[in-house]
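Colleague:
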Amino acid sequence: MVSLENTLEELTRTNKRAEKVRRYIVVEGLYQNSGQVAPLNEIVRLKEKYRFRVVLDESHTFGVLGSSGRGLTEYYGVPVEKIDIITAAMGNALATDGGFCTGSVRVVDHQRLSSAGYVFSASLPPYLATAAISAVDYLEENPSVLATLRNNIALLRIGLSDVAELEVSSSPLSPIVFLNLKKSKGSQEEDLQLYDKIVSRAFHEDSVFMVTSRRTALDKCRLPLGIRLFVSAGHSETDILKACDSLKRVAALELA
Numbered sequence: 006m007v008s009l010e011n012t013l014e015e016l017t018r019t020n021k022r023a024e025k026v027r028r029y030i031v032v033e034g035l036y037q038n039s040g041q042v043a044p045l046n047e048i049v050r051l052k053e054k055y056r057f058r059v060v061l062d063e064s065h066t067f068g069v070l071g072s073s074g075r076g077l078t079e080y081y082g083v084p085v086e087k088i089d090i091i092t093a094a095m096g097n098a099l100a101t102d103g104g105f106c107t108g109s110v111r112v113v114d115h116q117r118l119s120s121a122g123y124v125f126s127a128s129l130p131p132y133l134a135t136a137a138i139s140a141v142d143y144l145e146e147n148p149s150v151l152a153t154l155r156n157n158i159a160l161l162r163i164g165l166s167d168v169a170e171l172e173v174s175s176s177p178l179s180p181i182v183f184l185n186l187k188k189s190k191g192s193q194e195e196d197l198q199l200y201d202k203i204v205s206r207a208f209h210e211d212s213v214f215m216v217t218s219r220r221t222a223l224d225k226c227r228l229p230l231g232i233r234l235f236v237s238a239g240h241s242e243t244d245i246l247k248a249c250d251s252l253k254r255v256a257a258l259e260l261a
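The numbering used here applies: residue 6 is where the sequence shown begins, and numbers increase by one.
#1: Output yes or no for whether 8 Å exceeds the beta carbon distance between residue 151 and residue 42.
#2: For residue 97, which of 239, 87, 250 has the nearest alpha-carbon?
#3: I need the straight-line Cα distance from residue 100 to residue 184, nearest angstrom please.
#4: Got a sec, what are the start and stop residues for the alpha helix (DSSP H) residue 38 sits in?
#5: Compare the beta carbon distance of residue 199 and residue 259 with 8 Å and say whether it is the shorter of the two.
#6: Would you identify the three-state DSSP class for residue 185, choosing helix, strand or coil?
#7: Below 8 Å between beta carbons: does that hold for residue 227 and residue 233?
#8: To which residues of the same chain is residue 38 closer than 7 Å at the C-beta, ignoring the five residues directly before and after it?
#9: Pick helix, strand or coil for residue 233, following the three-state DSSP scheme.
#10: In this structure, what does DSSP give as the bridge partners for residue 58?
#11: Any idea what DSSP makes of residue 261, helix, strand or coil?
#12: Per DSSP, which one or two residues make a beta bridge with residue 172?
#13: Would you say the region 164-183 touches the region 238-258, given that touching needs at least three Cβ pairs under 8 Å?
#14: What is the rounded straight-line gap between the Cα of residue 248 and the Cα of residue 66?
#15: Considering just the uninterrupted stretch of the beta strand (DSSP E) at residue 105, what are its terminal residues?
#16: What runs of the beta strand (DSSP E), each 3 residues or longer, lie entirely inside the region 129-175?
#17: Expressed to the nearest angstrom, what Euclidean distance is found between the alpha-carbon atoms of residue 27 and residue 57?
#18: Quick check on residue 63: buried or exposed, where buried means 16 or more other Cβ atoms within 10 Å of its Cβ?
#19: At what residues does the alpha helix (DSSP H) containing residue 216 begin and finish?
#20: I believe residue 211 touches residue 251 by the beta-carbon criterion, under 8 Å. Please report the beta-carbon distance rounded to the nearest angstrom.
#21: I need the boundaries of the alpha helix (DSSP H) containing residue 17, first residue and last residue.
#22: Quick check: the Cα distance between residue 105 and residue 119, rounded to an integer number of angstroms?
#23: Does the structure place the region 75-85 close enough to the region 40-55 that three or more beta carbon pairs sit under 8 Å?
#24: Is it right to say residue 122 is buried, meaning 16 or more other beta carbons lie within 10 angstroms of its own, or is it exposed?
Printed below as a string of structure tokens:
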């Protein structure tokens, strides 16, 4: 947050049109490349202090965080009116396709008139919209699914707590679970090769699917590389224990 506040202060101080220009803080509710949860209460404080607006992507928090799965605003108790635009992909918790964008009537009307992404896109096919509505209905009627998800996250984290030379670095709230080397093998390339070998062996030998996180030339924040796993309420205890056992076995062989 210190870095963000310094950036906002610099932009406000050096931009003579700062009071007139619409400026946005764009943030992921849960960062896909680290599994960390955004400190929304602090972001809202900075937004109000420096007169910015907030665009919040809830693709990985909608249907996950909050007592009823409404996302990061519900989890932090932040009034949804304090967030100018909320977006989310529906391919995660809702298990369908497409996405949505919400906000005040004024913001939504402006988007309809001037957003190229809206003007030149087609509406969601009825069957995908129906699938999304059904998923929301299921979540409202079966709130216990959220407890199941949280239990599965905790079970996976416990199972991965003693993997050789690797440690869990993601938030305990995150269904995106990251494993990183406790100590680098010497270079980014060597670390990446090791992660790729572990991921490949777990898939081909045990049918456990996970991915290696990567960087691109566009990444300004150089996050550590690692192994990324995704856990859902649909996983059984057997599924999770199988993934943990596979990772322990393969990591021990590759790191021997």
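The C-beta atom is built at its ideal place from N, Cα and C for all residues, glycine as well.
Modeller: Result, derived from the coordinates:
#1: As a first step, residue 151 must be located in the sequence shown, where it is residue number 146. As a first step, residue 42 must be located in the sequence shown, where it is residue number 37. Taking 8 Å as the Cβ cut-off, residue 151 and residue 42 do not qualify as a contacting pair.
#2: Taking the sequence shown and counting its residues from 1, the one referred to as residue 97 is at position 92. Of 239, 87, 250, the residue nearest in Cα terms is 239.
#3: Stepping through the sequence shown from its first residue, residue 100 is reached at position 95. Stepping through the sequence shown from its first residue, residue 184 is reached at position 179. Straight-line Cα distance between these residues: approximately 25 Å.
#4: Translated into positions along the sequence shown, residue 38 becomes position 33. It is not in any alpha helix (DSSP H) - residue 38 carries neither H nor E in the DSSP assignment.
#5: Here residue 199 refers to the residue found at position 194 when the sequence shown is read from its first residue. Here residue 259 refers to the residue found at position 254 when the sequence shown is read from its first residue. Contact: yes.
#6: By one-based count along the sequence shown, residue 185 stands at place 180. Here residue 185 sits in strand by DSSP.
#7: Position 222 of the sequence shown holds residue 227. Position 228 of the sequence shown holds residue 233. Inclusion of residue 227 and residue 233 in the CB contact set at 8 Å is not warranted, their separation being larger than that value.
#8: Indexing the sequence shown from 1 puts residue 38 at position 33. Closer than 7 Å at the Cβ level, and outside the excluded window around residue 38, lie 218, 228.
#9: Position 228 of the sequence shown, counting from 1, holds the residue named residue 233. Correct three-state label for residue 233: strand.
#10: Here residue 58 corresponds to residue number 53 of the sequence shown, with the count starting at 1. Bridge pairing for residue 58: 29 [DSSP].
#11: Start at 1 with the first residue of the sequence shown, and residue 261 comes out as number 256. Reduced to three states, the DSSP call for residue 261 is coil.
#12: Translated into the one-based positions of the sequence shown, residue 172 becomes position 167. Its beta-bridge partners are 185.
#13: yes
#14: As a working note, residue 248 is residue 243 in the sequence shown. As a working note, residue 66 is residue 61 in the sequence shown. One C-alpha to the other measures close to 23 Å.
#15: Mapped onto the sequence shown, residue 105 falls at position 100. Where residue 105 is concerned, the enclosing beta strand (DSSP E) stretches over 104-108.
#16: 171-173
#17: Indexing the sequence shown from 1 puts residue 27 at position 22. Indexing the sequence shown from 1 puts residue 57 at position 52. Distance between the alpha carbons of residue 27 and residue 57 is about 7 Å.
#18: Counted from its first residue, the sequence shown places residue 63 at position 58. So residue 63 ends up on the buried side.
#19: In the sequence shown, the residue the question calls residue 216 occupies position 211. First-last for residue 216: 216-218, but that is the beta strand (DSSP E), not the alpha helix (DSSP H).
#20: As a first step, residue 211 must be located in the sequence shown, where it is residue number 206. As a first step, residue 251 must be located in the sequence shown, where it is residue number 246. About 4 Å separates the two Cβ atoms, so the contact holds.
#21: Looking up residue 17 in the sequence shown gives position 12. Where residue 17 is concerned, the enclosing alpha helix (DSSP H) stretches over 7-19.
#22: As a position in the sequence shown, residue 105 is number 100, starting the count at 1. As a position in the sequence shown, residue 119 is number 114, starting the count at 1. Taking the straight line from one Cα to the other gives about 17 Å.
#23: yes
#24: Locating residue 122 in the sequence shown gives position 117, counting from the first residue. Classification for residue 122: exposed.
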